[in-house]
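Per numbering that gives the first Met the number 0, residue 0 is the first one in the sequence shown, and the count goes up by one each step. Taking it in order: structure first as structure tokens, then the write-up.
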Amino acid sequence: MTSRDIGIRYRRDLRLRDSIVRARHAGGGSGTHNRARSVEQRADAPVDVNALLCCPRCRSSLRFEREPIICTNAQCTYSRDGFPRAGGQPVLVDFERSIFDRENYGDDRGSVMQRDDSGRGLAVRCRRLLTGDNPVTPGKSREMIRRLTAQAPAPRVLVIGGGAIGAGADALYADPNVRVVGTDVYASPNTKVVADGHFLPFRDGAFDGVWIQAVLEHVLDPPAVVAEIHRVLKPNGLAFADTPFMQQVHEEAYDFTRFTLSGHRWLFRGFEEIDAGAVGGAGKALVWSIRYAALSLGLSTRMATLVALPFFWVRYIDRFAKTGPKTDGASGVYFFGRKSERVLNAKDMLHYYEMKHR
Ligand SMILES: [Zn+2]
């Protein structure tokens, strides 16, 4: 975790944004074009983020007039220490409780991971060919927009883990009626605030929707994060979560938990389900396993991808999978639901499994 690592991801995001804008002006391909529009749309979205923010420690108001940003509660440690900035964005993290340190944000943008977010590297493209696109998120992002804009003219959507735009989530950013507030544990062109999902620096009921994709496996305390999602949503607010089940460890030290479909449902027990199911089946999980079998022999990540590549077709068996058995061996699971005041009963869970296997 060196200062060189810190910020590499941000700089790559900046390069990605620049390349996207260039591609758009040059009339680039459709995928790239969508991302270009999404990033520019996000940048122009009229959201007064400061009005939504509060102290992640005590939830008191913040004072933004001078640097550093401080908490207005004289009893709070952050009324003295204040919060740093990374890439010009406020880092509203309670460092005493977080896995992330103030020092992570000392001299640059605050990324602790080195990776290729640009999607242009050969290794990333091979891995994408290997594991395929997300079959669920494009439809769910459009459905979330449809449902939210039916409830409110300009809904606010919080994206947790939005440093890089999630696979299939482009529609959220592209829709002119949706005001996206991106957060992550590092600053990127797609974020407005650096935050830790365990204690979100947002006021109660600040958002109409929350989007959390491929994040809950990377947090130490998923129930605490989901409780925060529940808190920052308005009554009847919508949440979408996409979380791995049969996927091996990724993101190194920052990977902690997996969920079955039922476990994921229980995690969101304070929500009424609209829809939930598998994200990729056992075929996709098998392709992941082949690559990790190669890694277990000591091969480099690049070599492991090459070894697994001839088996990319195995993921196509998921197209023929039956719904119930598919969820039992799914690569990941998703939950799409509405904030509720009713909490699911423990005994409901047996019925839930049966219902999902009919
Ligand atoms: Zn405070």
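Backbone N, C-alpha and C fix where the C-beta goes; we use that ideal spot for every residue, glycine too.
Check, Outcome
"So the candidates are Ala281, Gly105, Ala292, Gly120; which of them puts its Cα closest to the Cα of Ile316?", "Ala281"
"Measure the alpha-carbon distance for Gly87 versus Ser78 and round it to whole angstroms.", "20 Å"
"Give me the residue from Gly328, Ala163, Tyr291, Arg264 with the minimum Cα distance to Ala345.", "Arg264"
"Please give the ranges of any beta strand (DSSP E) in the stretch 229-286, keeping only runs that are unbroken, at least 3 residues long and fully inside the region.", "232-243, 270-278"
"Buried or exposed, going by whether 16 or more other CB atoms sit within 10 Å of the CB of Ser299?", "exposed"
"Consult DSSP for Ala213 and reduce its assignment to one of helix, strand or coil.", "coil"
"Per DSSP, what kind of secondary structure is Gly336 in: helix, strand or coil?", "strand"
"Only counting the same chain, and skipping five residues up and downstream in sequence, which positions put a Cβ closer than 7 Å to that of Leu285?", "Val313"
"Using only the heavy atoms of ligand 1, determine whether one of them is closer than 7 Å to the beta carbon of Arg96.", "no"
"With burial defined as no fewer than 16 other Cβ atoms inside 10 Å of the residue's Cβ, what is the status of Phe270: buried or exposed?", "buried"
"Apply the 10 Å Cβ neighbour rule to Asp274 and answer buried if 16 or more other Cβ atoms are within range, or exposed otherwise.", "exposed"
"Can you look up Arg62 in the DSSP assignment and give me helix, strand or coil?", "strand"
"Who are the near neighbours of Gly161 in its chain, counting only those whose CB is closer than 7 Å to its CB and skipping five residues on each side?", "Gly181, Thr182, Asp183, Asn189, Thr190"
"Does the beta carbon of Arg56 fall short of 7 Å from some heavy atom of ligand 1?", "yes"
"Below 8 Å on the Cβ atoms is my guess for Arg61 versus Thr71; work out the distance and round it to an integer in Å.", "Here residue 61 is Leu; the residue named in the question, Arg, does not match the sequence. Contact flag correct, Cβ pair sits at about 7 Å."
"Alpha carbon to alpha carbon, how far is Val223 from Pro200?", "First, the amino acid is wrong: residue 223 is Ala here, not Val. Each residue's alpha carbon lies about 14 Å from the other."
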